[in-house]
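Read in order, the letters of the sequence shown are residues 44 to 724 in the numbering used here. Just so it is clear, CB atoms sit at the ideal spot from N, CA and C, and this is done for glycine as well.
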Amino acid sequence: MKKTILIITAIFLIAGNSLLSQEDTSVRKIRIGMFGAVAINMHSGQFSSYDGLQICGTFEDGTGIGWMAGNSIEIPINSNLSLFGRAFFHKADGDFESIPKNTPRISLEDGTLVDLSTKHKLDVSLDYIQIEALGAYYVSDKVYLALGPGVALPTHASYVQVEEIQEPFGLTFRNGESTRQIASANFDEAPNTETNLRIAVHALIGADFSIANNLFLSPEAGYIFPFTNVLSNNEWSVSTLHAGLALKYELGSLNKVVVKEVIPESEPETKPKITPKPIASLKAKGLLENGTMLEFGQITVSEENSNNYIPILPYIFFDAGNSKLPNRYRKLSESERDNFDESTLQDSVILVYHNLLNIVGSRMQKNTSANLTVTGCVEPADDGVNLSELASSRAKEVKDYLVDRWGISADRIITKTRELPEEISNRTVAEGREENRRVEIFSSSSDILEPVRLITRDSKISPKSIVLQPKVEYDENLENWNIAAIYMDNTLMWEKNGIGSPSNSIQWDFERERIVELARKDLVENYISAKLSVLDNEGNSDEASTAIPIFYENKSKYYDGEIVKDSIVERYNLIFFDYDKPLINEENKHTFKTILNRINTNSSLSITGFTDKLGTDDYNKQLSIDRANSVEKAIKERVVPEKIFSRGVGETLIYDNNLPEGRFYNRTVIVEIATPLKHRQ
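If you want it as structure tokens, here you go:
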């Protein structure tokens, strides 16, 4: 920057001397000089703040203290008017602050959940070189007003985003401090983002005071108003209020230049050039999906585990007067049947239920000793005449699918009929009658209708890649280079080499599955070493390395969205409650036994009762509370977990109440068991 100001000063001196060589009849003389000022930069705009992958808040408007320095030339037009030409450097930095809208909850060492309050800061570094032409009017011999346009070229535009913990007091990030750096990058490195030329108008007031022959000191104050934005894709602009001093020199007559004879000097003795040995250094940075470059190189693997036990509702429901299997039930082709695997079903209770016949068929193939009883039922109020024939047709429809599609022997499936089901739903409402139009499935083996266990693990990795930045001093004679990523057990994970000097940025798109595998080791110290080796043509070599830590976060989630870290949440649905009753019936016994076997003394239990939409709100709320309390009481009779919490939420919608199966699954108690991972079997 100093070099830039010196060049600008030289240009103004040459221009001033050239103009002075012409005949000048004005009262004032041409003045050249330099000036400096303190600037208050007023930023107007909006940015989104990021915490790795999630948007945490919005930065709106900011201020910053900067400065200006440059050169000026004043060309008088008459006794009152002059033309000011200026070129200067403008440091237009700014500071923004943002409080995140969403307050996450974290778990302290004693297990207590508290709100984490943080503040995000965005420090913007913005540099301009501006040239301008101002028209100046002298209101007196000393005081002048000036106004005119200017054009500024942006030479640097970057930012640093940090996060600071406000509450709770004493909490720190992984770096052991209450402040951490989130990101740092140049704005124009982001996709589709460019810095704009600044077109502005500059208003100025000042006064000239003579301090020596031809030398003036001028205090000045002014305001710069921009007409353009800083970036091409963001409504962000910077206006500036400044005050400072200008030192001006008034040119007089030029002295003649005396050219002296130059006496050539003897050529110095040439000494052999000694080439220093190369010196290598290496930095690692993280590159996010959105193009943001992190100033630190580390890899974080965050995994969310899901362990759901979905009960099998052994009923197939039919339309009124119809025995055809409704389209919502999943019917497979032969090729789909051969590839069917219940463990790969989507983690959705209703979608699992709609594969009921495929689950039963698959299990019957594996358990050849199991038999089925299929009972067709009707609703006399809706199904019309020939009720016995309709009930038989419904049972046959289910049996035929298992025999024809799954190859189950017909003599392993017994069909029966009855009018209304043994457990009758409320016949006074259409929804209850719809639930009575069904086929009931019973098996001699509990394996056929046991809950479906779906275990999923969703892995996220940040950043998307590592950017290695090698630097080699004295690289004129480099012959070759090599850069490699090596795990701490000396396993080579990636390597690249080349001839001559390495580029200043090399991107490593690591193998995500391999990184997840390493992170799951969950070691106290877990890292990858990036190593740079260089060799010159004289046999001199050097090496540099940097560590890339690997962090692992394991979390699970309750149905209401609450995150639990370093624990696994297992979710069970108890759905077999008799109509309008809170007690656990026989059909729930198998699932309930499984729940008891999965509870450790250090487990935390959440029990939530639900109902369908039938009945009044107050009645359903109390029924859901009674069902949750009934389950809690039954659990405490066998085992006492570390924490247990039960509640009833009434007819809170979790499944489609317009479907009979949705209403059955809404008459549920969800039992969630959170157990620390190191204690889970």
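query: Pairwise C-alpha distance: Y708 and I716; result: 19 Å
query: Test item: CB-CB of V417 and V482 under 8 Å; result: yes
query: Through-space distance from V403 to I491, alpha-carbon basis; result: 6 Å
query: Straight-line Cα distance separating A176 from F127; result: 6 Å
query: Neighbourhood of K367 by C-beta, 8 Å cutoff - its chain only, sequence neighbours within 5 removed; result: F361 and E440
query: G265 vs L247 beta-carbon contact at 8 Å; result: yes
query: Secondary structure of Y372, DSSP reduced to three states; result: coil
query: Given G191 as reference, the closest of S548, L331 and G178 once Cα atoms are compared; result: G178
query: Exposure of I50, with buried meaning 16 or more beta-carbon neighbours within 10 Å; result: The pLDDT assigned to I50 is 45, lower than 50, so where the model puts this residue is not dependable; a value taken from the coordinates is nonetheless given after this. Burial call: exposed.
query: Three or more C-beta pairs below 8 Å linking the stretch 369–377 and the stretch 346–354; result: no
query: For M536, the first and last residue of its enclosing beta strand (DSSP E); result: L535 to I542
query: Segment contact flag, the stretch 203–221 with the stretch 180–191, C-beta cutoff 8 Å, min 3 pairs; result: no
query: Backbone CA spacing between R217 and R223 [nearest angstrom]; result: 9 Å
query: Nearest-angstrom Cα separation, counted from V577 out to T718; result: 51 Å
query: Environment of Q389 [buried if 16+ CB atoms lie within 10 Å]; result: exposed
query: Start and end residues, alpha helix (DSSP H) containing W524; result: Unbroken run through W524 is the beta strand (DSSP E), L521 to Y530; no alpha helix (DSSP H).
query: Bridge-paired residues (DSSP) for H86; result: G105 and V281
query: Inter-residue spacing [alpha-carbon to alpha-carbon] between S64 and P319; result: Low confidence applies here, because S64 scores a pLDDT of 42, under 50, leaving its location unreliable; read the following figure in that light. Rounded to the nearest angstrom, the two C-alpha atoms are 52 Å apart.
query: Simplified DSSP assignment, three categories, for E704; result: helix
query: Straight-line Cα distance separating N663 from Q209; result: 43 Å
query: Among L511, R706 and G105, nearest to I618 - alpha-carbon criterion; result: R706
query: Bridge-paired residues (DSSP) for M77; result: N114 and L290
query: Three CB pairs or more closer than 8 Å across the stretch 323–335 and the stretch 508–524; result: yes
query: Backbone CA spacing between S436 and C420 [nearest angstrom]; result: 10 Å
query: Where T68 falls, given that 16 or more other Cβ within 10 Å makes a residue buried; result: Reliability of the predicted coordinates at T68 is poor, the pLDDT of 40 falling under 50, and no value is obtained from them.
query: Rounded straight-line distance, which links the Cα of N479 to that of F653; result: 21 Å
query: One or two residues paired with F268 in a DSSP bridge; result: V244
query: S647 - partner residues in DSSP beta bridges; result: K686 and A717
query: Whole-Å CB distance - G109 paired with F139, under 8 Å assumed; result: Their Cβ separation, rounded to whole angstroms, is 15 Å, which puts G109 and F139 out of contact at 8 Å.
query: Secondary structure of Y171, DSSP reduced to three states; result: strand
query: Helix, strand or coil at S69 [DSSP, three-state]; result: Because the pLDDT of S69 is 45, which lies under 50, any placement of that residue in the model is unreliable, and the number read from its coordinates should be weighed accordingly. Three-state result, S69: coil.
query: Backbone CA spacing between L297 and I174 [nearest angstrom]; result: With a pLDDT of only 44 at L297, under the threshold of 50, the placement of this residue in the model should not be trusted, and no figure is reported.
query: Cα-Cα separation between G59 and Y292, rounded to whole angstroms; result: Summary for G59: the model assigns pLDDT 44, below 50, so the residue's position carries little reliability, and this model does not support an answer.
query: Beta bridge counterpart(s) of K459 as assigned by DSSP; result: T418
query: Contact set for N22: own chain, Cβ-Cβ below 7 Å, skip 5 residues either direction; result: Any question about residue 22 goes unanswered here, given that the chain covers just 44 to 724.
query: Residue from N398, R670, I456 and P423 whose Cα sits closest to the Cα of N370; result: N398
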